[in-house]
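Counting in this note's numbering, the sequence shown runs from 4 upward without gaps. Contents: one structure, followed by commentary.
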Amino acid sequence: MPLDASDLGAVWLTIKLASLTTAILLVVGTPIAWWLARTRSWLRGPIGAVVALPLVLPPTVIGFYLLLALGPHGWIGQGLQALGLGTVVFSFTGLVIGSVVYSMPFVVQPLQNAFGAIGQRPLEVAATLRASPRDTFVHVVLPLARPGFITASILGFAHTVGEFGVVLMIGGNIPDKTRVVSVQIFDHVEAMEYAQAHWLAGAMLVFSFLVLLMLYAGRRGKAGWS
């Protein structure tokens, strides 16, 4: 069999991590993206830069500082222990936190671009019809920004699947708990199990190609309707 039980466990854990991370990022990232697209505050630049930091920082740097902050001696880790929640490093919860931070720009930026492309006119029309801000956002903004949500979901999921440095730093390499596909491939290569590494790496290659194909097909379809 090309993939053994540990490989399949890593695949399942990766899918679960990417799905949960994407869902959290859509909830957290939507208000951030809306604010960044609409505000004229001087804070827009600094906050936008903080959101985009994972695009330029090495994953190990992000993982290292998350490890310090979330560890038993970190300020977040100590707060969690004071609340009786224990530590989150080297756990699935830690993986989720690290993935949310690392994949944040891949969700926020497509949403921000989608919100910015809507313009002011649809919002003004909704206001003249006495729609509340909530109704305007739900019934006007969200449908118009649907392509941005699709792109953000695909990129957030795919980017989480491909993580290595962050998840290894904050989650370690615990089978069925924190060992995701990228770490499993690394383990196979270290053990010179190249055949199994080929199967997993090849699956990742096909997955990445299909993600890009979906994105480009979606953009071409959108252009065809414009």
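Cβ atoms here follow ideal geometry from the backbone N, Cα and C, with glycine treated the same way.
Alpha carbon to alpha carbon, what distance is there between A161 and V209? 12 Å
Buried or exposed (CB count within 10 angstroms, at least 16 for buried), F118: buried
Compute the Euclidean distance between the alpha carbons of A226 and V169, then round it to the nearest angstrom. Unreliable placement is indicated for A226, whose pLDDT of 49 sits below 50; no coordinate value is reported for it.
Would you kindly work out how many angstroms separate the C-alpha atoms of G216 and P62, rounded to a whole number? In the sequence as displayed, the identity of residue 216 is Leu instead of Gly. C-alpha separation (whole angstroms): 26 Å.
According to DSSP, is E127 part of a helix, a strand, or is it coil? helix
Measure how close the beta-carbons of L29 and S102 come, nearest whole angstrom, since I'm counting them as under 8 Å. L29 to S102, Cβ: 13 Å. No contact.
Own chain partners of L213 with C-beta closer than 6 Å, once the 5 adjacent residues on each side are dropped: none
Sub-8 Å separation of P125 and L147 beta-carbons: yes
Given this structure, state the Cα-to-Cα distance separating R231 from L39, to the nearest angstrom. This structure cannot speak to residue 231, because the chain is shown only from 4 to 229.
V59, DSSP secondary structure in three states: coil
Residue of L171, Y219, S211 and A198 minimising C-alpha distance to D10: A198
Report the residue from S185, I27 and Q115 whose alpha carbon sits nearest the alpha carbon of W233. This structure cannot settle anything about residue 233, because the visible part of the chain is limited to 4 through 229.
Environment of P57 [buried if 16+ CB atoms lie within 10 Å]: buried
Buried or exposed: W228, going by 16 or more other Cβ atoms within 10 Å of its Cβ? Unreliable placement is indicated for W228, whose pLDDT of 43 sits below 50; the coordinate value is still reported in the next sentence. Exposed.
Kindly indicate which three-state DSSP category S44 falls into: helix, strand or coil? coil
Does the region 69-83 come within contact of the region 137-152, defined as at least 3 CB pairs closer than 8 Å? Taking a cut-off of 8 Å for Cβ pairs, the region 69-83 and the region 137-152 do not touch, as fewer than three such pairs fall below it.
Starting from the Cα of V31, find the closest Cα among I100, D7 and R43 and give me that residue. Out of I100, D7 and R43, I100 has the C-alpha closest to the C-alpha of V31.
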